[in-house]
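So the structure is just underneath, and the comments pick up after that.
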Amino acid sequence: MAFDRLLNVARKEFSDHITSRRFIIILALFLVISAVSIHDGIENYNNSLESYNDQLQRMEEFQDPYTSWMPEKPSIMYVFISMMSYMAALGGILALAIGFDLVSKEKESRSLKTLLSHPIYRDEIINGKVLGGVGALGFAMGLALALAVAMLLLFSIVPTLDEFAAILIFGAASLGFLLAYFAIALTMSTVAKESGNALIYTLVIFAIVTSLLPMFGMMAANAFAGDPPEPPEMGPMATEVVHTASGGGYTVTSSRSVAVSGSGSPEIDPAWREYEEEMRAYVEKRQLINDVSNILSPQMNYYQVAMAVTNPQISMMSSYMYGGATQEDPGGLADALGRVWMNIAALIVFPAVFFAATYVKFMRMDIR
Amino acid sequence: MIRTENLTKVYNGKAAVDGLDLEVGEGEIFGFLGPNGAGKSTTILMLTGMIEPTGGRCLVDGIEVAKEPLKVKEIIGYLPEDVGFYGNMTGEQNLDYFARFYGMDARKRKERIAELLELVHLGGVTQKAGEYSRGMKQRLGLAQALINDPKVLFLDEPTANLDPEGVREYRDLVEHLAGEGKTVFVSSHILSEVREVCRSVGLLAKGKLVAQGTLDEVARTLAPSDGDAVRIVVETRERLPDLEDPEIIGVERNGTRAVVQAKTDIRDRLAASLFEQGLHVREMRIEEPDIEDVFMAVYRR
């Protein structure tokens with residue numbers, strides 16, 4: 051019976067969401083933009099595939115295909131890279147839009163008091179609301195993924211089992227990201243007395259976690275890591291390697307000293323070796339501070355996880371660009387996800403914390 | 072049917088309800104009177120299991136509300152003051168949503184909802200509840216309070232938004248429900264409203280129960296105390312002469328009319344004396360305290 055009551059609330063909430071004008075408009079916009087970006091992604095994929103086939107053919111013509119560089123076959127997951135940035139923008143708005151007045155509107159219309167006069171516990175109401183919201187966001191996410199797969203099939207691109215698993219994981223990560231913003235909005239809706247205030251609070255937190263936190267991370271990294279070590283005046287020069295990883299709205303650029311090239315001498319100046327060590331420690335320290343602040347931003351976590359799924363090579367580059375050892379083979383999907391386990395955990399913990407705060411506040415709410 | 076024992080609710084160090092002891096019998100229409108802010112709604116919220124008391128306890132049909140709120144909610148109906156609904160749903164959809172919490176099957180829900188909507192004159196209304204007038208909302212509120220055919224009905228300011236016709240229908244409905252054996256607990260600050268429908272009342276002021284009983288009993292309890300003195304209204308056709316009696320404490324005269332304050336009921340002696348003086352007595356009665364004045368005095372405390 052307890053589950054029936056919770057389900058009754060969840061069913062009503064889900065139905066309210068998917069029939070609300072606000073949800074339909076944002077979802078329609080989201081799907082249209084997704085379709086366009088997937089279409090572009092498919093074109094890029096087809097071009098990459100064509101170029102890959104050309105390279106293979108050329109290598110076969112040289113009759114020495116395995117001793118030289120082997121081109122990598124493009125993955126259909128590249129199609130989803132552009133979807134990532136739209137998900138972060140419009141998906142985030144959708145999540146905020148369905149959550150910001152979920153409780154405050156009921157307080158304003160006094161329907162909460164009427165509802166509570168019937169045989170139902172408060173926790174069943176808030177859990178039902180969460181379930182209904184999760185269902186609506188899952189429904190939106192499901193539609194977007196179904197649209198993407200349908201378009202792939204329409205263009206005669208059939209995902210392999212692994213790729214299909216990757217698509218599902220991408221969907222799960224995207225849903226986790228949407229839930230983070232839904233949780234923020236729901237908490238603010240419970241805290242604020244009016245929906246207008248709830249919306250303002252939600253937008254403020256949205257701005258903090260999406261823009262301010264990463265910015266503060268950079269500033270903190272600059273402040274705490276200090277100035278980079280100065281290179282020695284004499285001796286062989288370190289080779290500066292610049293990595294740029296990009297996808298969707300996400301770009302990581304960094305530099306690292308990976309090798310020292312001397313002018314014919316195999317001996318490396320000890321001063322240079324020391325400089326290299328100091329530089330590595332400096333970059334690692336900066337990265338650690340940056341990572342700590344980024345872990346609080348659902349957007350950054352989502353980018354990391356989604357990049358690991360859609361483009362493991364770029365994800366690996368950004369993971370290893372500061373470390374000592376590089377890895378040539380990005381490994382499978384499990385390896386890619388293993389590298390971003392902290393971000394995955396953060397995507398789960400972030401909404402959980404906000405949902406817990408909502409729960410506590412709702413249970414103690416004055417309903418007079 | 073309803074009992075509270077030392078029921079107390081404290082908000083921010085201030086007692087909204089202070090040691091309330093109340094008893095309402097089965098099938099009674101009980102009026103819970105008191106000025107705004109007296110603690111009536113807080114008491115109802117505790118009785119309906121929506122908030123927990125700080126101290127004491129309350130029981131409905133022998134069930135302790137704080138311990139088993141859901142069990143109590145199964146047998147009660149509650150019409151809150153300024154009742155609210157889901158504006159995006161019709162009245163029927165709102166009622167259907169609430170009815171599901173009672174485990175009613177689809178057919179039973181449909182029948183009950185149709186019956187209730189007819190009862191409150193909202194049958195066939197297809198508007199969304201968000202477009203309802205306040206009176207319509209109030210009537211829908213009454214329907215939602217009756218959705219589970221409750222044993223006890225709590226009505227908080229039930230006539231606040233009703234037009235005269237709606238008020239008359241509400242009174243008939245309450246009488247009808249009491250006739251079915253339901254206990255009706257009506258909270259209001261409007262004496263005239265309670266007077267019309269309630270057989271017994273409780274008067275609450277500053278969180279404390281000031282008096283309980285029938286309206287006359289309560290009025291007598293609360294009337295300004297003159298010891299055992301009685302006030303006798305006298306009116307004669309001719310101008311009243313000086314009235315003399317050892318029991319008389321004071322006389323307020325006004326031409327042919329006077330209010331005599333006496334230690335005991337001296338109407339017989341007074342009538343005989345006036346007759347002996349050749350006066351024609353038009354009126355002679357014990358003055359009952361004016362109930363409105365008595366309640367207003369409590370409200371102003």
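So the protein lines, in turn, are chains A and B. First residue of the first sequence? That's 51 in the working numbering, and the numbers climb one at a time after it. First residue of the second sequence? That's 72 in the working numbering, and the numbers climb one at a time after it. Glycine is no exception: its CB is placed at the ideal position from the N, C-alpha and C atoms. None of the values given here were measured: they were computed from a predicted structure.
- Where A/S154 is concerned, the enclosing alpha helix (DSSP H) starts and stops at 154-159.
- Pairing A/M329 with A/P282 gives a Cβ-Cβ distance that is not under 8 Å.
- Residues of chain B with a Cβ closer than 7 Å to the Cβ of A/H168 are, in chain order, K144, F169, F172.
- Taking the C-beta atoms as reference points, B/E145 is found no nearer than 8 Å to B/N232.
- Identification of chain A residues near B/D153 by a Cβ-Cβ cut-off of 7 Å yields R160, ordered along the chain.
- Think of a sphere of 8 Å around the beta carbon of A/I75: no beta carbon from chain B falls inside it, the nearest being about 16 Å out.
- For the segment 322-343 of chain A, the beta-carbon criterion of a distance under 7 Å to any beta-carbon of chain B is satisfied by none of its residues.
- Straight-line spacing of the CA atoms in A/P348 and A/L99 works out to 33 Å.
- According to DSSP, B/E123 shares a beta bridge with no other residue.
- When Cβ-Cβ separations below 8 Å define contact, A/R55 makes contact with chain B.
- Proximity of chain B to A/I417 at the Cβ level (cut-off 8 Å) is accounted for by L116, M121, I122, in chain order.
- In the three-state reduction of the DSSP assignment, A/I76 falls in the helix class, which pools H, G and I.
- In the structure shown, B/E267 adopts helical secondary structure according to DSSP, grouped into three states.
- The beta-carbon of B/L141 is placed less than 8 Å from the nearest beta-carbon of chain A.
- Contact of A/N58 with chain B is assigned, a C-beta pair being separated by under 8 Å.
- Between the alpha carbons of B/A282 and B/Q348 lies a gap of roughly 44 Å.
- Within chain A, the residues whose beta carbon sits less than 8 Å from that of B/F156 are S159, S161, T164, listed in sequence order.
- Taking 8 Å as the cut-off, the beta carbon of A/R336 is found no closer than this to the beta carbon of A/A396.
- The contact set of B/S112 on chain A, defined by CB atoms closer than 9 Å, consists of R418 in chain order.
- For B/D153, the three-state secondary structure derived from DSSP is coil.
- Here the C-alpha atom of A/Y102 lies approximately 10 Å from the C-alpha atom of A/Y95.
- Excluding the 5 residues flanking it on each side, B/V238 has same chain C-beta neighbours closer than 7 Å at T230, in chain order.
- Against chain A, the beta carbon of B/N159 has neighbours under 7 Å at D66, listed in chain order.
- Residues of chain B with a Cβ closer than 7 Å to the Cβ of A/K62 are, in chain order, Y168.
- Close to chain A, meaning a Cβ-Cβ distance shorter than 7 Å, is no residue of the segment 186-209 of chain B at all.
- Taking C-beta atoms as the reference points, A/I170 and B/F225 fail to come closer than 8 Å.
- Proximity of B/Y149 to chain A, defined by a Cβ-Cβ separation below 8 Å, is satisfied.
- Proximity to A/A356 across A/E174, A/S84, A/L225, A/L236 peaks at A/L225, based on C-alpha coordinates.
- Approximately 28 Å separates the beta-carbon atoms of B/N165 and B/A137; this is outside 8 Å, ruling out the contact.
- B/E306 and B/L350 have their alpha carbons spaced roughly 10 Å apart.
- Residue state for B/T161 is assigned as strand, using DSSP reduced to three classes.
- Straight through space, the alpha carbons of A/L262 and A/M268 are spaced by roughly 10 Å.
- Judged by DSSP secondary structure, B/N325 falls within the beta strand (DSSP E) whose first and last residues are 319-325.
- Listed along the chain, the chain A residues whose CB falls inside 7 Å of the CB of B/Q215 are T164.
- In this structure, the CA atom of A/L387 is about 7 Å from the CA atom of A/V359.
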